[in-house]
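Enquirer: Please find one structure pasted underneath; my questions will follow.
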Amino acid sequence: MKKQDVKNELKAMTLDEADTDYRDMTTRLALLHEKLGKLAAEKLELQEELA
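Every letter in the sequence shown is one number past the one before it in the working numbering, and letter 13, counting from 1, is 1464.
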């Protein structure tokens, strides 16, 4: 394998890993956003009960 082929393979692997990490982070962000929405709704319900 040529040196340039190795470099290209490493670069592609790194990009794949970065893409996977990005997808994982966006999935976690979406789940946190959903949880935050549920907590906000629960807070409103509790405030209404106290009023």
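Where is the CB? At the ideal position from N, CA and C, for every residue including glycine.
Give me the Cα-Cα distance between K1453 and Y1473, rounded to the nearest whole angstrom.
Expert: Here residue 1453 refers to the residue found at position 2 of the sequence shown. Here residue 1473 refers to the residue found at position 22 of the sequence shown. Distance between the alpha carbons of K1453 and Y1473: 30 Å.
Enquirer: Does DSSP put A1502 in a helix, a strand or coil?
Expert: Within the sequence shown, residue 1502 is the residue found at index 51, counting from 1. Three-state result, A1502: coil.
Enquirer: E1499 to G1488, Cα distance in whole Å?
Expert: The sequence position of residue 1499 within the sequence shown is 48, counting from 1. The sequence position of residue 1488 within the sequence shown is 37, counting from 1. So the two alpha carbons sit approximately 17 Å from each other.
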